[in-house]
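Written out below as structure tokens is the structure these notes cover.
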Amino acid sequence: MRQKTGVGTWIGFVVILVWCLLPVAWIVSLSFKSLAETTTGSPHFLPQDFTWDNYKVLLGMTSDKSTSHDFLASLRNSFGISIVATILAVMIATLAAYAIARLEFRGKRLVLSLALAIAMFPVVSLVGPLFDMWRTFHLFNTWPGLIIPYMTFTLPLAIWTLSAFFREIPWEMEQAAQVDGATSWQAFRKVIVPLAAPGVFTAAILTFFFAWNEFVLALSLTSTTTTRTVPAQMSFFVGPDPFNPPYVQLATASVIVTIPVIVIVLLFQRRIVAGLTSGAVKG
Amino acid sequence: MTATTIPRDQTKAAPAAASDRSVAENRLGQKLVAPALILMVLVTAYPMLQALYLSLFRYRLTTPDDKAFVGLGNYGVILTDSLFWKDTLNTVLIMLITVAVELVIGFAFAMVMHRIIFARGVMRTAILIPYGIITVVSAFAWQFTFSINNGWVNGTFGWLPGISSTTNWYGDHWHAMFAIMVSEIWKTTPFMALLLLAGLSQISEDMLEAAKVDGATAAQRLFKVIIPNMRAAIMVAVLFRALDAFRIFDNIFIMTKGAQNTESSSFLTYRQAIEQFQLGMGSALSVLLFLTVLLLAYLIVKLFRVDLAQARGE
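Residue numbers (my numbering), protein chains in the order written: chain A, 1016 to 1298; chain B, 1153 to 1466.
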């Protein structure tokens, strides 16, 4: 029996909302301040004179295209690299997770242990050797140069999420469909695919988040705007004085790259929570 | 993973001679995991060995002809340098403080999310935003929050002792460390809360009801029933978060660039290898960082008796 919602829970609810949304509200507010306002110093939370200028500058709707050119290029790189890495990682992880969930084979523990080790691996310690290797293989400052390590570092989470989902699928239904006269392809296509799709999709979201967020490798393995992703590009926005960066433009760029995240979260929150907790907790 | 043990749909093969079927299954399983296994080994194990090799050389990309074998010389230089120890101390401090704070706040959040019966979707959406947001963006948001000219902290919390309109949060070590830790905690508490929530939802209501009937106070129920029964979930959450916190890089790079002695181990490694092209020295730092994380993982697993099968997702 669960009792009525107490006052404490109500307060907790409000605290959590404020905690999670305040910094987001703050960058949104900053993105509508004018450059002049922050140059003179503006400790107010809300903009004193509301303006769309920063968005126009970053999205290339003004005559000065230098800022928008670099930003839009990095946005393109971020989308391209993240999507390709996600698709490839999920494909490889699906094969592995199917085997882990359904088959008995030697080396299963080895794969799971390696995945755990990689989930804890300090990515920075790869930066030096990868920098050296990628220059030899001509992968430095290329899309594959980032896609390959992104695939690797997202495999553990994708494998855990997918194998947890696959264990739940009632595989007998495939045989049942065949008994009822379906061909094995029909049984797979009409029965198994719809059951497995939510898991695959969840793994894809988590993988995409990782690639979209990644910073260390993006910073170290790229050198021009043809490959730099948004997080790396944003760290180069920082003008000559590190303590007086172009606040309003950075805030605007922040808002723009957060929009995909918020859209995905709004649409798929239930699945993301299920995916995040599936790998790590078992009763 | 679900609460119950999952019944395997195939019965274990007889222990006698392996049947054709199990041989085939073994082979298929290995084929299916091969791409993942090969990729993970090629991208992590091989470069790590490369780092081990390079760490024995004096090797700077700006003067490649000067490459020379120096044995363990690089390690000697690093381990006797106070900067290395200072950065390691910073990293350990950040790890201990952020994980401890996140555990407390995350637990409180999990309790609220567990109890709440309205607006669950809103709550889930809100809590996933810090999780999904780019760390670099979080770092910028908090950097501006604490900015002396454009932030709202000094104005809003000016009534607290030690904070005034002239408090410069990037002016000294402890203020800067505080700002960095706030950003780290904000971004990662939701992950902790969700893992704890999953553990919390495994506790049977009957057990709590029984404790209540037996006269246990709220505090007793929390410490004697809820927390002991969530131990496994808590330990896995701590293991993942502690190792993640130890690798802190993005927040420091954006917020202070390591000024005011706020550099972390990851930052030091990055700076040597990439900014200064010291591949020999940088590789030695890589190896040391890897060994530290390994040692840390070992200590956490042993000390807190983390169930590795669970962490592995078996």
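Idealized CB from N, CA, C, for every residue including glycine.
Open item on the list: Spatial neighbours of A:N1069 within its chain, please: C-beta separation below 7 Å, excluding the five flanking residues on both sides.
Closed with: Answer for A:N1069: S1046, V1263, Q1264 and T1267, listed in chain order.
- [ ] Could you tell me the distance, in whole angstroms, from the CA atom of B:T1297 to the CA atom of A:M1135?
- [x] Going by the C-alpha atoms only, they are around 31 Å apart.
Open item on the list: Alpha carbons only, please: which of A:K1205, A:L1177, A:L1110 and A:A1192 is nearest the one belonging to B:L1184?
Closed with: The candidate whose alpha carbon is nearest that of B:L1184 is A:L1110.
Open item on the list: Can you look up B:K1219 in the DSSP assignment and give me helix, strand or coil?
Closed with: Three-state result, B:K1219: strand.
Task: Buried or exposed by the 16-neighbour rule on C-beta atoms within 10 Å, applied to B:M1344 - done: Flag for B:M1344 reads buried.
Task: Close Cβ partners of B:V1334 (< 7 Å) along its chain, the five nearest in sequence each way excluded - done: Cβ neighbours of B:V1334 within its own chain (closer than 7 Å, five residues either side excluded): W1294.
Open item on the list: Once the 5 residues before and after A:A1218 are set aside, which same chain residues still bring their CB inside 7 Å of it?
Closed with: Cβ neighbours of A:A1218 beyond the five flanking positions: V1105, A1108, A1173, T1176, L1177 and G1290.
Open item on the list: Does any residue of chain A have a CB that is nearer than 9 Å to the CB of B:Q1202?
Closed with: Chain A places a beta carbon closer than 9 Å to that of B:Q1202, counting this residue as a contact.
Task: One or two residues paired with B:Q1430 in a DSSP bridge - done: For B:Q1430, which the question treats as bridged, DSSP gives the partners B:R1212.
Open item on the list: Would B:I1286 and A:P1246 qualify as a contact pair, given that the criterion is a beta-carbon distance under 9 Å?
Closed with: Yes, these two residues count as a Cβ contact at 9 Å.
Task: Partner residues on chain B for A:P1261, Cβ-Cβ distance less than 9 Å - done: Simply none; closest approach about 11 Å.
- [ ] Note down, in chain order, all residues in the segment 1308 to 1333 of chain B with a beta-carbon under 7 Å from any beta-carbon belonging to chain A.
- [x] Answer in chain order: Y1322.
Task: Alpha-carbon to alpha-carbon, A:T1241 and B:G1303 - done: Taking the straight line from one Cα to the other gives about 34 Å.
Open item on the list: Less than 8 Å between C-beta atoms, sequence neighbours within five positions excluded: which residues of the same chain meet that for A:M1016?
Closed with: Interpretation of A:M1016 is limited by its pLDDT of 41, a score under 50 that renders its predicted location unreliable; no figure is taken from the coordinates.
TODO: Would you identify the three-state DSSP class for A:P1255, choosing helix, strand or coil?
DONE: Note that A:P1255 has pLDDT 49, beneath the 50 cutoff, so the model's placement of it is unreliable and the number below is only indicative. If DSSP states are grouped into helix, strand and coil, A:P1255 belongs with coil.
Open item on the list: Is there a C-beta anywhere in chain A that falls below 9 Å from the one on B:S1435?
Closed with: Yes, because at least one Cβ of chain A sits closer than 9 Å to the Cβ of B:S1435.
Open item on the list: Between which two residues does the alpha helix (DSSP H) holding A:P1171 run?
Closed with: Where A:P1171 is concerned, the enclosing alpha helix (DSSP H) starts and stops at W1158 to E1183.
- [ ] Can you pull the chain A residues whose beta carbon is under 9 Å from the beta carbon of B:T1414, in chain order?
- [x] Proximity of chain A to B:T1414 at the Cβ level (cut-off 9 Å) is not reached, the minimal Cβ distance being about 13 Å.
Task: Simplified DSSP state of A:E1187, which is helix, strand or coil - done: Look at A:E1187 here: in three-state DSSP terms it is helix.
Task: Nonlocal neighbours in the same chain, by C-beta distance under 7 Å from B:A1363, ignoring five residues either side - done: Beyond the five residues adjoining it in sequence on each side, B:A1363 comes within less than 7 Å, by CB distance, of R1373 and V1377 in the same chain, given in chain order.
- [ ] Taking A:Q1284 as the query, report the chain B residues whose CB atoms sit under 8 Å from its CB, ordered along the chain.
- [x] Under the 8 Å cutoff, chain B gives G1273, R1276, T1277 and L1280.
Open item on the list: Short of 7 Å in beta carbon distance, which residues of its chain neighbour B:L1280, apart from the five on each side in sequence? Order them along the chain.
Closed with: Contacts found: P1342.
Task: Listed by chain order, chain A residues near B:Y1422 by CB distance under 9 Å - done: What B:Y1422 touches in chain A: V1139, V1142, G1143, V1231, L1234 and S1235.
TODO: Apply the 10 Å Cβ neighbour rule to A:E1187 and answer buried if 16 or more other Cβ atoms are within range, or exposed otherwise.
DONE: With fewer than 16 Cβ atoms within 10 Å of its Cβ, A:E1187 is classed as exposed.
TODO: Taking only runs that begin and end inside the segment 1222 to 1274 of chain B, name each unbroken alpha helix (DSSP H) of 4 or more residues, in chain order.
DONE: The qualifying runs are 1225 to 1231 and 1234 to 1267.
Open item on the list: Check this for me: beta carbons of B:R1399 and A:V1022, under 9 Å apart or not?
Closed with: By the CB criterion at 9 Å, B:R1399 and A:V1022 fall outside the cutoff.
Task: Within 9 Å, strictly: CB atoms of A:L1031 and B:M1247 - done: Leu is not the amino acid found at residue 1031 of chain A; the sequence shown has Ile there. No, they are not a contact pair.
Open item on the list: For the structure I just gave you, are there three or more beta carbon pairs, one from the segment 1376 to 1393 of chain B and one from the segment 1442 to 1459 of chain B, closer than 8 Å?
Closed with: Cβ pair count under 8 Å is three or more, so yes.
Task: Where A:T1101 meets chain B, residues with beta-carbon distance less than 8 Å - done: Within 8 Å Cβ-Cβ: nothing; A:T1101 doesn't reach chain B, min ~14 Å.
Open item on the list: Between the segment 1187 to 1207 of chain B and the segment 1119 to 1129 of chain A, can you find at least three pairs of beta-carbon atoms closer than 8 Å?
Closed with: Between the segment 1119 to 1129 of chain A and the segment 1187 to 1207 of chain B, the count of C-beta pairs closer than 8 Å reaches three or more; the two stretches touch.
- [ ] Measuring alpha carbon to alpha carbon, tell me which of A:F1203, A:E1183 and A:V1039 ends up nearest A:V1387.
- [x] The shown model of chain A, from 1016 to 1298, leaves out residue 1387 of chain A, and the question about it has no answer.
TODO: Measuring alpha carbon to alpha carbon, tell me which of A:L1281, A:L1236 and A:S1293 ends up nearest B:F1429.
DONE: Of the residues A:L1281, A:L1236 and A:S1293, the one whose Cα lies closest to the Cα of B:F1429 is A:L1236.
Open item on the list: Any beta carbon of chain B sitting closer than 9 Å to that of A:L1087?
Closed with: Closer than 9 Å: no.
Task: the segment 1054 to 1084 of chain A: positions lying closer than 7 Å to chain B by Cβ - done: Residues are counted here when their Cβ sits less than 7 Å from a Cβ of chain B; for the segment 1054 to 1084 of chain A these are G1056, S1057, P1058 and F1060, given in chain order.
Task: DSSP state of A:I1107 mapped onto helix, strand, coil - done: It is helical.
TODO: Helix, strand or coil for A:H1153, going by three-state DSSP, please let me know.
DONE: Residue state for A:H1153 is assigned as coil, using DSSP reduced to three classes.
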